[in-house]
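J.: Chains as they are written, first to last, in my numbering: chain F, 114 to 285; chain S, 251 to 532.
Here is the structure:
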């Protein structure tokens, strides 16, 4: 259990470094993939089984860690990402538990649909927060660049989905 | 039956109570973290800065390596364009050399006056956030403060300091949607007479920007170079900003706009210079 927690903490930091430093060189039109969000999403998605559902603590732990890492390495004040990710984590659990599954508990069709929905929600809520609390950084980016950014992040999310499924689901 | 009903009501109350307590806890956490944002961020940046720098360098090497595969055709075309540009420039250099001798003494004085007393702090780039914000590894401990202009070695304007922590800072790039820079347009060199037109460069996100507020009667054209002007005194004058790539003129509007190619290039920049003693108006 401790090994798993340490590995998750380590990977969140690695993804943060990749996101802000390494992928700055692979940023078409200034788009940087949100790898921390992608990793958080993949972990929550696969931890939510139809029954029994994941415990609250694991979602809070992931939201705290991912949110902290996201905020530390960004221009925002600390805390907002933790709240948004916790909201998304619990909302995902609720949504996933109400989705019908047959055979495969984690179909790719659910994954990419949920990813798009929750990524948009995350970005929209973050923009609302910035608009009211940190207006110096508030930029509403709902244009073609946002769509492109969504697609770019989905690419990494699908990659994460395939890797996770191959390593931890199919291997069982 | 009554027992089952009571159990269900209790369960609902229990969930509501848990959500309420959880919500209060998260809000409290956000408040506490918000208060301690600066020391926490500084602590993490302090010990992760070398790692970030390594990732930055690794990204640079990888992009150069992969770029040579993916951009082979584009590089060939770019090379041809550069050769042609170089030939034009050589002919212009010949003309300018004769003018230059006469102006040298005068320009030396003006350059030295212009640059006199400006102090720089060199900082390494360690990361790029979304929304066109760059992180550098120098902070208030090195004399950096909010609002200071940031340039590259080639006097290209990158932006200004927007957040300062003890050991690192954030730069709001010229391309950030909140950025507005007053510029003057230097016409391309076929006419040696320098005609100055004032306008503003507004960031449009995604490391790009556009030129705005150019009077409709002014003649601007492709490849005109934009330099910082001294109008609002946020930046020292004559720093390189961008080149016009496409003009957009509509006679029904009072001002014309233009698409720009910014001179700042995050991907080829390892170090930047923060001007620490430029006096800005209060």
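Ideal Cβ positions, reconstructed from N, Cα and C, are used throughout, including at glycine. Just so you know, these numbers come straight off a predicted model, no measurement behind them.
#1: Would you verify that the beta carbon of residue 287(S) is, or is not, closer than 9 Å to some beta carbon of chain F?
#2: Can you tell me where the beta strand (DSSP E) holding residue 210(F) begins and where it ends?
#3: Would you call the CB atoms of residue 238(F) and residue 455(S) closer than 9 Å?
#4: According to the Cβ coordinates, are residue 290(F) and residue 202(F) closer than 9 Å?
#5: How would you list, in chain order, the residues of chain F whose beta-carbon sits under 9 Å from the beta-carbon of residue 469(S)?
#6: In terms of residues, what are the limits of the beta strand (DSSP E) holding residue 432(S)?
#7: Would a check of beta-carbon distances place residue 58(F) closer than 9 Å to chain S?
#8: Starting from the Cα of residue 523(S), find the closest Cα among 286(S), 419(S), 501(S) and 269(S) and give me that residue.
#9: Among 137(F), 189(F) and 174(F), whose alpha-carbon lies nearest the alpha-carbon of residue 119(F)?
#10: Under 8 Å by Cβ, that's how I've got residue 451(S) and residue 433(S) pegged, so tell me the actual separation to the nearest angstrom.
#11: Hey, is residue 214(F)'s beta-carbon within less than 9 Å of any beta-carbon in chain S?
#12: State yes or no: is the beta carbon of residue 420(S) nearer than 9 Å to at least one beta carbon in chain F?
#13: Measuring only between beta-carbons, confirm whether residue 409(S) sits less than 9 Å from chain F.
#14: Go to residue 134(F), then tell me how far its alpha helix (DSSP H) extends in each direction, as first and last residue.
#15: Leaving out five residues before and five after residue 153(F) in sequence, what residues of the same chain have Cβ atoms less than 7 Å from its Cβ?
#16: Within the 9 Å Cβ cut-off, does residue 179(F) reach chain S?
#17: Mind pulling the chain F residues with CB within less than 7 Å of residue 382(S)?
#18: Should residue 398(S) and residue 383(S) be called a contact, given that it needs their Cβ atoms to be closer than 9 Å?
#19: In the segment 492-525 of chain S, which residues sit with their C-beta less than 7 Å from some C-beta in chain F, listed in chain order?
#20: Among the residues of its own chain, which have a CB less than 7 Å from the CB of residue 122(F), if the five just before and after it don't count?
#21: Along chain B, which residues have their Cβ under 9 Å away from the Cβ of residue 309(S)?
#22: Can you tell me whether residue 517(S) is helix, strand or coil according to DSSP?
#23: Could you name the residues of the segment 237-253 of chain F whose beta carbon sits closer than 7 Å to any beta carbon of chain S, in the order they occur along the chain?
#24: List the endpoints of the continuous alpha helix (DSSP H) containing residue 221(F).
#25: For residue 195(F), go through chain S and note every residue whose CB falls closer than 9 Å to its CB, in chain order.
#26: Using DSSP with H/G/I as helix, E/B as strand and the rest coil, what is residue 475(S)?
#27: Please tell me whether residue 305(S) has its Cβ less than 9 Å away from any Cβ of chain F.
#28: Any beta carbon of chain F sitting closer than 9 Å to that of residue 203(S)?
#29: Counting only Cβ pairs nearer than 7 Å, list the residues of chain F close to residue 294(S).
#30: Considering just the uninterrupted stretch of the alpha helix (DSSP H) at residue 265(F), what are its terminal residues?
#31: Taking the alpha helix (DSSP H) that residue 201(S) belongs to, which residues open and close that run?
#32: Grab me the residues of residue 504(S)'s own chain with a C-beta within less than 8 Å of its C-beta, minus the 5 sequence neighbours each way, in chain order.
#33: Could you tell me whether the Cβ atoms of residue 461(S) and residue 404(S) are closer together than 9 Å?
#34: So residue 379(S) contacts chain F; which residues on that side make the cut at Cβ distance below 8 Å?
#35: Beta carbons nearer than 8 Å to chain F: which residues of the segment 446-457 of chain S have them?
#36: With a threshold of 9 Å between beta-carbons, can residue 394(S) be considered close to chain F, or not?
T.: Reading off the structure:
#1: In the second chain, the residue the question calls residue 287(S) occupies position 37. Residue 287(S) counts as touching chain F.
#2: As a working note, residue 210(F) is residue 97 in the first chain. From DSSP, residue 210(F) is part of no beta strand (DSSP E) but of the alpha helix (DSSP H) over 193-211.
#3: Position 125 of the first chain holds residue 238(F). Position 205 of the second chain holds residue 455(S). No, they are not a contact pair.
#4: With chain F covering only 114 through 285, there is no way to say anything about residue 290(F).
#5: Mapped onto the second chain, residue 469(S) falls at position 219. Those do not exist, as residue 469(S) stays about 30 Å from chain F at its closest Cβ, beyond 9 Å.
#6: What you label residue 432(S) is simply residue 182 of the second chain in a count that begins at 1. Taken as a continuous stretch (DSSP letters only), the beta strand (DSSP E) holding residue 432(S) covers 430-436.
#7: Nothing can be reported for residue 58(F): it is not among the residues displayed for chain F, which extend from 114 to 285.
#8: The residue labelled residue 523(S) in the question sits at position 273 within the second chain. If we check each option's Cα against that of residue 523(S), 419(S) comes out closest.
#9: For the purposes of this step, residue 119(F) is identified with residue 6 of the first chain, where counting begins at 1. When only C-alpha atoms are compared, the closest one is 174(F).
#10: Position 201 of the second chain, counted from the start, is the residue given in the question as residue 451(S). Position 183 of the second chain, counted from the start, is the residue given in the question as residue 433(S). In this structure residue 451(S) touches residue 433(S) by the C-beta definition: roughly 5 Å separates them, less than 8 Å.
#11: Along the first chain, one-based indexing puts residue 214(F) at 101. For residue 214(F), the answer is no, since every Cβ of chain S falls outside 9 Å of its Cβ.
#12: By one-based count along the second chain, residue 420(S) stands at place 170. It does; some Cβ of chain F falls within 9 Å.
#13: In the second chain, counting from the first residue as 1, residue 409(S) sits at position 159. Judged by the 9 Å Cβ criterion, residue 409(S) is not in contact with chain F.
#14: For the purposes of this step, residue 134(F) is taken as the residue at position 21 of the first chain. For residue 134(F), there is no enclosing alpha helix (DSSP H), as DSSP marks it with neither H nor E.
#15: On the first chain, position 40 is the one that residue 153(F) refers to. 175, 179 and 198.
#16: Translated into the one-based positions of the first chain, residue 179(F) becomes position 66. It does not: the Cβ of residue 179(F) has no partner Cβ on chain S nearer than 9 Å.
#17: Counted from its first residue, the second chain places residue 382(S) at position 132. Under the 7 Å cutoff, chain F gives 143.
#18: One-based indexing of the second chain puts residue 398(S) at position 148. One-based indexing of the second chain puts residue 383(S) at position 133. Their beta carbons are not under 9 Å apart, which means residue 398(S) does not touch residue 383(S) by this criterion.
#19: 516 and 517
#20: For the purposes of this step, residue 122(F) is identified with residue 9 of the first chain, where counting begins at 1. Listed in chain order, the non-local C-beta contacts of residue 122(F) below 7 Å within the same chain comprise 178, local neighbours out to five positions each way being set aside.
#21: Here the protein chains are F and S, and chain B is not one of them.
#22: Here residue 517(S) refers to the residue found at position 267 when the second chain is read from its first residue. The three-state reading of DSSP puts residue 517(S) in helix, counting H, G and I together.
#23: Residues 249, 250 and 252.
#24: The count along the first chain starts at 1 and reaches residue 221(F) at position 108. Looking at the DSSP string, the run of the alpha helix (DSSP H) that includes residue 221(F) is 221-246.
#25: Position 82 of the first chain, counted from the first residue, corresponds to residue 195(F). Simply 276, 279, 280 and 283.
#26: As a working mapping, residue 475(S) is identified with position 225 in the second chain. Residue state, collapsed to three classes: strand.
#27: As a working mapping, residue 305(S) is identified with position 55 in the second chain. Output row for residue 305(S): interface = yes.
#28: With chain S covering 251 to 532 only, the question about residue 203(S) has no answer from this structure.
#29: Your numbering for residue 294(S) matches position 44 in the second chain. Those are 185, listed as they occur along chain F.
#30: Residue 265(F) sits at position 152 when you count from the first residue of the first chain. Element bounds for residue 265(F): 257-277.
#31: What is shown of chain S runs 251 to 532, which leaves residue 201(S) out entirely.
#32: For the purposes of this step, residue 504(S) is taken as the residue at position 254 of the second chain. Here the set comprises 465 and 466.
#33: Residue numbering aside, residue 461(S) sits at position 211 when the second chain is read from its first letter. Residue numbering aside, residue 404(S) sits at position 154 when the second chain is read from its first letter. No; because the gap between Cβ atoms is not below 9 Å, this pair is not in contact.
#34: Here the question's residue 379(S) lines up with position 129 in the second chain. Correct list: 133, 145, 186, 187 and 188.
#35: Within the segment 446-457 of chain S, the residues whose Cβ lies closer than 8 Å to some Cβ of chain F are 455, 456 and 457, listed in chain order.
#36: For the purposes of this step, residue 394(S) is taken as the residue at position 144 of the second chain. Answer no: the Cβ-Cβ gap between residue 394(S) and chain F never drops below 9 Å.
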